[in-house]
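Residue numbers (our numbering), protein chains in the order written: chain H, 127 to 480; chain B, 1008 to 1260. Structure first, commentary second.
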């Protein structure tokens, strides 16, 4: 039987997906535009025997997550840009400690307190580090509510598989959008976690720490982490190509921007322009290989569209490595581009080549 | 043959990194003995903080997790909420708990988290080289108060009394380990704090006045004398909250 479709807001669908994926511990703190998620968890967790806890700050929430994750349970926290900044401490520690968990950032306009409108200006923070130390984390960027559900379920599996935090990257628009979704049946793999803190009952004690005072040992630990990151790059890179087969121009965009760009691409196609869309689903690992292949195949122009001043565009340029021209179009501070704006950009880029 | 002395099972048979004369070792042993006596070793998770006691996880034969600076009560909250059958304690210094971790400790107490926080108060940041902490006494010379702590640095505050006001606190006490009688008393107080958690009564905390001969620039004997004189005159020992005692006395807060 097909799973039933229901209408849900992105933030709430995310929460339901996490619960279906076996998440029973959620540590939240109010911040717009993600507040529906903690509210949903506060209502739903008691129904499934889970725990919702409203922390005194994002710092406390992410450290509660660290504690819960250390015991081997599936746990999550969520925030929006200013709050996500505060979570960096815990993320760095959890990566150092090799603890699996899921961290959500429903991005809003910045810098500083900015505003509560949708934005994509935390790309650098999420993809390039954010916290201290040499680290990486898988960052999943859905562009529809259904994909938000599917990637949330995937996030918990990836976190466990690599013992590393996984980020779900959305923006205020995705979080607030109401769409029909279905929840696929989920098989939660509850494997024995032989590192989890459960009490040293008839076994040697277990210690979870990111401290290693001996630099030789800390380098060795970093090598282990780097090998994991390399494995993630090898296996977990995800993207979608839309109408790219014969494209002369490829628009590159993720999340909400990609959704809008897709509409612009369709119109451009109707107008006879050979335009495609390349949509990174994992922001890290960044799907450079697909872009590289398109550049090799003869795509001569890329147009990167973001709700930022141009962050992912740096990775697009690195992937293309001078084989094609890369243009950029961005809206800032919570402004969302319209399909028409993107279409104009497409026309300019295409026309500029003629 | 009756065993009358020995190493607690909950204590790892290793040499600690603590300086000669430091009273962290005494406090570690008290906690380890209690873990043995209350038969908690198989269900204990300790939360190490940042500071000299960051390596506490090397010295206890129990599961341990290391928390970012000041966040031990939040980490302990996560552990305890995820697995309520575990016995969870934090081991923090005065810099960790009374400065950077103020929000986390106050809210853990306010929520009545079933955890026990042990604060080793030696009025100084030991690991980083002896800087002023929130509990440094007025006039005390430290690395960051070379002319002595002055009004502009604010005055030391009393963490145990502060936490005792929290509605979720079940047991809060201050004690010291600078002489034998009070080492024995410290063990009694920490036992009560552990039992408060085990009985599900709420949050418990024991502030233990300890020394820091190295950063105070004193011999261990001088350092303990400083605890017994200067520190005790500002930080009174005693029990500030004990819901068991209140219940027996018919007090309804």
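Backbone N, C-alpha and C define an ideal beta-carbon position, used for all residues, glycine too.
Q.
Going residue by residue through the stretch 1080–1168 of chain B, where are the continuous alpha helix (DSSP H) segments of at least 4 residues, counting only ones entirely within it?
A. Within the stretch 1080–1168 of chain B, the runs of alpha helix (DSSP H) at least 4 residues long that lie entirely inside it are, in chain order, 1109–1118.
Q) Comparing alpha-carbon positions, which option in H:182, H:209, H:213, H:180 lies nearest residue 192 of chain H? A) On the first chain, position 66 is the one that residue 192 of chain H refers to. Looking at the Cα atoms, H:213 is the closest of the given residues.
Q: Determine, using beta carbons only, whether residue 1090 of chain B comes closer than 8 Å to chain H.
A: Within the second chain, numbered from 1, the residue matching residue 1090 of chain B stands at position 83. Residue 1090 of chain B counts as touching chain H.
Q: Pull out every residue of the stretch 1051–1066 of chain B whose Cβ sits closer than 7 Å to any Cβ of chain H, in chain order.
A: Sequence-ordered contacts of the stretch 1051–1066 of chain B with chain H read 1051, 1052, 1061, 1064 [C-beta pairs closer than 7 Å].
Q. Thinking C-beta only, is residue 140 of chain H closer than 8 Å to residue 163 of chain H?
A. The residue given as residue 163 of chain H occupies position 37 in the first chain. The residue given as residue 140 of chain H occupies position 14 in the first chain. Yes. Within cutoff.
Q. Using a beta-carbon distance below 8 Å, is residue 1031 of chain B in contact with chain H?
A. Here residue 1031 of chain B refers to the residue found at position 24 when the second chain is read from its first residue. Interface annotation, residue 1031 of chain B: not in contact with chain H, CB-CB separation never under 8 Å.
Q: Kindly indicate which three-state DSSP category residue 480 of chain H falls into: helix, strand or coil?
A: Translated into positions along the first chain, residue 480 of chain H becomes position 354. Model confidence at residue 480 of chain H stands at a pLDDT of 41, short of 50, so the residue's coordinates are unreliable; what they give is reported in the following sentence. The three-state reading of DSSP puts residue 480 of chain H in coil, since its state is none of H, G, I, E or B.
Q) Could you check where the beta strand (DSSP E) with residue 341 of chain H kicks off and where it finishes? A) Locating residue 341 of chain H in the first chain gives position 215, counting from the first residue. Boundaries for residue 341 of chain H: no beta strand (DSSP E) harbours it, while the alpha helix (DSSP H) harbouring it runs 341–361, taken from the DSSP string.
Q: Give the secondary structure of residue 1217 of chain B by DSSP, where H, G and I count as helix, E and B as strand, and everything else as coil.
A: Here residue 1217 of chain B corresponds to residue number 210 of the second chain, with the count starting at 1. Collapsing the DSSP output to three states places residue 1217 of chain B in coil.
Q. How many Å lie between residue 1055 of chain B and residue 470 of chain H at the Cα?
A. In the second chain, the residue the question calls residue 1055 of chain B occupies position 48. In the first chain, the residue the question calls residue 470 of chain H occupies position 344. Near 58 Å, if we compare the C-alpha coordinates of residue 470 of chain H and residue 1055 of chain B.
Q: Could you check what DSSP says for residue 258 of chain H in three-state terms: helix, strand or coil?
A: Position 132 of the first chain holds residue 258 of chain H. If DSSP states are grouped into helix, strand and coil, residue 258 of chain H belongs with coil.
Q | Residue from H:378, H:322, H:450, H:432 with nearest C-alpha to residue 226 of chain H | A | Here the question's residue 226 of chain H lines up with position 100 in the first chain. Ranking H:378, H:322, H:450, H:432 by Cα distance to residue 226 of chain H puts H:322 first.
(Q) So, at 8 Å on beta carbons, what are the nonlocal neighbours of residue 480 of chain H in its own chain, with the 5 sequence-adjacent residues on each side left out? (A) As a working note, residue 480 of chain H is residue 354 in the first chain. Low local confidence applies: a pLDDT of 41 at residue 480 of chain H is under 50, so the model's placement there is unreliable, with the coordinate-based value given in what follows. Answer for residue 480 of chain H: no residue qualifies.
(Q) For chain H, check one thing: does any of its Cβ atoms lie closer than 8 Å to the Cβ of residue 1093 of chain B? (A) As a first step, residue 1093 of chain B must be located in the second chain, where it is residue number 86. Yes, contact with chain H.
Q. Do the CB positions of residue 379 of chain H and residue 419 of chain H come within less than 8 Å of each other?
A. Counting from 1 along the first chain, the entry for residue 379 of chain H is found at position 253. Counting from 1 along the first chain, the entry for residue 419 of chain H is found at position 293. No, these two residues do not count as a Cβ contact at 8 Å.
(Q) Does residue 1233 of chain B come out as helix, strand or coil in the three-state DSSP assignment? (A) The count along the second chain starts at 1 and reaches residue 1233 of chain B at position 226. Helix, per DSSP.
Q) Once you ignore the five residues that flank residue 1040 of chain B on each side, which residues in its own chain have a CB closer than 6 Å to its CB? A) Counted from its first residue, the second chain places residue 1040 of chain B at position 33. Excluding sequence neighbours, residue 1040 of chain B sits near 1015.
Q. In its own chain, which residues sit with a C-beta less than 7 Å from the C-beta of residue 167 of chain H, not counting the 5 before and 5 after it?
A. Within the first chain, numbered from 1, the residue matching residue 167 of chain H stands at position 41. Excluding positions up to five away in sequence, the list reads 141, 152, 154, 178.
Q: Consult DSSP for residue 291 of chain H and reduce its assignment to one of helix, strand or coil.
A: In the first chain, residue 291 of chain H corresponds to position 165, counting from 1. Correct three-state label for residue 291 of chain H: strand.
Q) Who are the Cβ neighbours of residue 1251 of chain B in its own chain at under 6 Å, not counting the five residues just before and after it? A) By 1-based counting over the second chain, the position of residue 1251 of chain B is 244. Answer for residue 1251 of chain B: no residue qualifies.
Q | Element boundaries [beta strand (DSSP E), containing residue 976 of chain B] | A | An answer regarding residue 976 of chain B cannot be provided, because it is not within the stretch 1008 to 1260 covered by chain B.
Q: Would you mind stating whether residue 1110 of chain B and residue 1212 of chain B have Cβ atoms separated by less than 8 Å?
A: Taking the second chain and counting its residues from 1, the one referred to as residue 1110 of chain B is at position 103. Taking the second chain and counting its residues from 1, the one referred to as residue 1212 of chain B is at position 205. No, these two residues do not count as a Cβ contact at 8 Å.
Q. Does any CB atom of chain B fall closer than 8 Å to the CB of residue 480 of chain H?
A. By 1-based counting over the first chain, the position of residue 480 of chain H is 354. Confidence is the limiting factor: at residue 480 of chain H the pLDDT is only 41, short of 50, which leaves the residue's position unreliable and the question unanswerable from this model.
**Q.** 8 Å Cβ cutoff, residue 190 of chain H in contact with chain B
**A.** If you number the first chain from 1, residue 190 of chain H lands on position 64. It does; some Cβ of chain B falls within 8 Å.
(Q) Looking at the secondary structure, which residues open and close the beta strand (DSSP E) in which residue 404 of chain H lies? (A) Within the first chain, the letter at position 278 stands for residue 404 of chain H. Segment 401–406, the beta strand (DSSP E) holding residue 404 of chain H.
Q. In terms of residue numbering, what span does the alpha helix (DSSP H) encompassing residue 206 of chain H cover?
A. Counting from 1 along the first chain, the entry for residue 206 of chain H is found at position 80. Looking at the DSSP string, residue 206 of chain H is not in any alpha helix (DSSP H), and its letter there is neither H nor E.
Q) If you run the structure through DSSP and keep just helix, strand and coil, what is residue 1222 of chain B? A) Within the second chain, the letter at position 215 stands for residue 1222 of chain B. Three-state result, residue 1222 of chain B: helix.
Q) Name the DSSP beta bridge partners of residue 297 of chain H, please? A) Position 171 of the first chain, counted from the start, is the residue given in the question as residue 297 of chain H. As computed with DSSP, residue 297 of chain H is found in a beta bridge with H:233.
Q. Is there at least one Cβ from chain B nearer than 8 Å to residue 179 of chain H's Cβ?
A. Residue mapping note: residue 179 of chain H aligns to position 53 of the first chain, counting from 1. It does: the Cβ of residue 179 of chain H has a partner Cβ on chain B nearer than 8 Å.
Q. Residues in the stretch 329–356 of chain H with C-beta within 8 Å of chain B's C-beta atoms, listed in sequence order?
A. Taking a C-beta cut-off of 8 Å against chain B, the contacting residues of the stretch 329–356 of chain H are 331, 332, 333, 334, 335, 336, 337, listed in chain order.
Q | Given residue 370 of chain H as reference, the closest of H:401, H:437, H:253, H:439 once Cα atoms are compared | A | The count along the first chain starts at 1 and reaches residue 370 of chain H at position 244. That would be H:401, whose Cα lies nearest to the Cα of residue 370 of chain H.
Q.
Rounded to the nearest angstrom, what separates residue 1025 of chain B and residue 1064 of chain B at their Cα positions?
A. Position 18 of the second chain, counting from 1, holds the residue named residue 1025 of chain B. Position 57 of the second chain, counting from 1, holds the residue named residue 1064 of chain B. Residue 1025 of chain B and residue 1064 of chain B have their alpha carbons spaced roughly 13 Å apart.
Q. Under a three-way DSSP split, which group does residue 1059 of chain B fall into?
A. Reading the second chain from its first residue, position 52 is the one you call residue 1059 of chain B. In this structure, residue 1059 of chain B counts as helix in the three-state DSSP scheme.
Q) Is the number of C-beta pairs between the stretch 335–342 of chain H and the stretch 307–315 of chain H that are closer than 8 Å three or more? A) With the rule of 3 Cβ pairs closer than 8 Å, the stretch 335–342 of chain H does not count as touching the stretch 307–315 of chain H.
Q.
Cβ closer than 7 Å: which chain H residues qualify as neighbours of residue 1016 of chain B?
A. As a working note, residue 1016 of chain B is residue 9 in the second chain. Per Cβ cutoff of 7 Å: no residues; residue 1016 of chain B is ~11 Å from chain H at best.
Q | residue 300 of chain H beta carbon less than 8 Å from that of residue 216 of chain H | A | Along the first chain, read from residue 1 onward, the residue named residue 216 of chain H stands at position 90. Along the first chain, read from residue 1 onward, the residue named residue 300 of chain H stands at position 174. Not a contact, by the Cβ cut-off of 8 Å.
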